[in-house]
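A.B. asks:
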Amino acid sequence: MRLNPNIPWKTRGNGAISFQVGMGNKNKIKIGEINKKEIFAHQKLIQDYDSSDYSKIKTIVKNTVEKYARMEDENTNPGLVILKKQPDEKQYKKAVKEVVQLGDVRTLLESLEGYCEGYKNCRGLIGAISAIAWSSLVDKTYELIAYRKEEEWGTKRDVDDESVKKMDKICTTTFDNYDYVNNHNRLVPSSPCPVLYGIRGEVKEDLIQASSLIKSESVDSWILFETNQGTDDHLQKKDIGEIQPYQSVIVKGNVVQNPYTIEGGHVIFTIKDSTGTIDCAAYEPTKQFRGVVRELVIGDIIEVYGGVRKKPLTVNIEKMNIKYLAKIVEKIENPICPKCGKHMNSKGKNQGYKCKICGMIGEKPITKEKQRTIHKGFYEVPVCARRHLSKPLKRIQK
Ligand SMILES: [Zn+2]
343 MRLNPNIPWK TRGNGAISFQ VGMGNKNKIK IGEINKKEIF AHQKLIQDYD
393 SSDYSKIKTI VKNTVEKYAR MEDENTNPGL VILKKQPDEK QYKKAVKEVV
443 QLGDVRTLLE SLEGYCEGYK NCRGLIGAIS AIAWSSLVDK TYELIAYRKE
493 EEWGTKRDVD DESVKKMDKI CTTTFDNYDY VNNHNRLVPS SPCPVLYGIR
543 GEVKEDLIQA SSLIKSESVD SWILFETNQG TDDHLQKKDI GEIQPYQSVI
593 VKGNVVQNPY TIEGGHVIFT IKDSTGTIDC AAYEPTKQFR GVVRELVIGD
643 IIEVYGGVRK KPLTVNIEKM NIKYLAKIVE KIENPICPKC GKHMNSKGKN
693 QGYKCKICGM IGEKPITKEK QRTIHKGFYE VPVCARRHLS KPLKRIQK
């Protein structure tokens, strides 16, 4: 699970994991290998775990979290929750879209039969309960994560770019693998974590094939996850006047200020609807996408998808849908005097034109409609700048 990506108190990608334990039915599929042991998941739960197993499960989970969590990092605030019943999905929806108060989660936990353990500032409890509340019925994708051998953790990863490009071409149901324009291998994380690579896609079987095509250092273990990545679950349609900090929004408006570039190479412009105005930004890491944004002009109508930064209140664009392109008319020549047939002279900036032979005034210059270099429809940031939750156009347009 990825939860609200705009939360200032998150740990890195604001991720959480949940899984169900119990007795499964006969239908099982292989979802991974750990210590050379095959891991299977059952399609259906036929029986809950025994209450005698309950404390065993609790101990395993608690020990695992305490062994691997990097408690010394001030942003690491783990939480674990074990529940007998799935909480209402609205808990997940809130945590992926809004700001959830820890107090509210504690109240909810008290009302549910279960066990929880919060570490340090305990905000991890929010992610844990929200991950359990997720239902994959509406939309989901898969990610196959391959892990490194423990002795390699923190060292430079060896994942062959060419094999990633080859996999990208063959396995067409995967997405966000490689950024060909910026030469960025998106499978490989940038942090010194135990993950070797993660392949995202629509079809779980294809991810197993995709993984077999990757040439890399030896894989210690791998697991296939169901995820909410690439679903746009974080976004909500808003009028400009309703937008709150830390939300992610889909907002439609007229461009009322032309794009301009600020220090650091970030491009800013302003849109307006009947409820207000808001700045939109394509930050430097969005690379070539900024070139598209710079082509917008006053009068264009666009729908912007992105996370809301608090100060100053700005929509950080993940993708945009251009609904209407304004006509840009540019002057090509001074007007021709209808009497004398000669070009008229300008009387000065915004002063109009005058024929120097007969003194005629009031003619308009000769203009031409300028060809726009951008088209109506969607544009998205390059793969290297993609957010985990953002639905790639590849998924929208399929
Ligand atoms: Zn004239």
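Everything in the sequence shown is counted per the working numbering, starting at 343 for the first residue and increasing by one.
Think of the CB as a built atom: it goes at the ideal place given N, C-alpha and C, for glycine as much as any other residue.
(1) Is the number of C-beta pairs between the segment 587-601 and the segment 513-528 that are closer than 8 Å three or more?
(2) Report the residue from I699, K684, C682, K706 whose alpha carbon sits nearest the alpha carbon of Q693.
(3) Within the continuous beta strand (DSSP E) that includes T628, where are the two ends?
(4) In whole angstroms, what separates the C-alpha of W351 from that of V650?
(5) Between Q747 and E440, what straight-line distance do the alpha-carbon atoms span, to the nearest angstrom?
(6) Counting only the same chain and skipping the five closest in sequence on each side, list residues whose C-beta sits under 8 Å from that of F631.
(7) Output the residue ranges of the beta strand (DSSP E) runs that lie fully inside the segment 575-627 and measure 3 residues or longer, sorted by chain position.
(8) So within the segment 706-735, which uninterrupted beta strand (DSSP E) runs reach at least 3 residues, ignoring any that extend past its ends?
(9) Who sits around ligand 1, taking every residue whose Cβ is closer than 5 Å to one of its heavy atoms?
(10) Since Y434 is in the alpha helix (DSSP H), which residue starts that stretch and which ends it?
(11) Near G648, what residues of its chain come up, given a Cβ to Cβ distance below 6 Å and the 5 sequence neighbours on each side ignored?
(12) CA-CA distance, K427 and I474?
(13) Exposed or buried, what is C458 when buried is set at 16 or more other beta-carbons lying within 10 Å of its beta-carbon?
(14) I need the straight-line Cα distance from I664 to K435, nearest angstrom please.
(15) Does the Cβ-Cβ distance between I582 and T617 come in under 7 Å?
(16) I'd like to check one pair, P601 with L577: are the Cβ atoms closer than 7 Å?
(17) Quick check: what's the CA-CA separation for A549 versus I674?
(18) Alpha carbon to alpha carbon, how far is V635 from K400? Give it in angstroms, no decimals.
(19) Of the residues G421, I512, Q551, T497, which one's Cα is nearest the Cα of V530?
(20) For P347, which of K718, M702, D575 has the nearest alpha-carbon?
(21) By the 10 Å Cβ neighbour count, where 16 or more other Cβ atoms means buried, how is T449 classified, buried or exposed?
(22) Among G606, W495, T406, N570, which residue has its Cα nearest to the Cα of V561?
(23) Hey, would you say I468 sits closer than 7 Å to V438, going by beta carbons?
(24) Between which two residues does the alpha helix (DSSP H) containing Q551 stretch?
(25) What does the Cβ neighbour count give for F567, buried or exposed, with the cut at 16 atoms within 10 Å?
(26) Does Y484 pass the burial test, meaning 16 or more other C-beta atoms within 10 Å, or should it be called exposed?
(27) Candidates K370, Y461, K432: which alpha carbon is nearest N405's?
(28) Could you work out which residue in S472, G421, N419 is closest to D430 when comparing CA atoms only?
(29) From the DSSP output, which residues share a beta bridge with M365?
C.D. replies: In this structure, then:
(1) no
(2) K706
(3) T628 -> no beta strand (DSSP E), and no H or E assigned at all.
(4) 15 Å
(5) For residue 747 there is no data in the structure shown, the boundaries of the chain being 343 and 740.
(6) A624, I659, Y721, E722, V723, P724, A727
(7) 577-579, 590-604, 608-615, 618-624
(8) 708-712, 719-722
(9) C679, K681, C682, C697, I699, C700, M702
(10) 432-439
(11) V657, N658, I659, E660
(12) 9 Å
(13) buried
(14) 27 Å
(15) yes
(16) no
(17) Per the sequence shown, the amino acid found at residue 549 is Leu instead of Ala. Each residue's alpha carbon lies about 56 Å from the other.
(18) 51 Å
(19) T497
(20) D575
(21) exposed
(22) W495
(23) no
(24) 546-555
(25) buried
(26) buried
(27) Y461
(28) S472
(29) Q389
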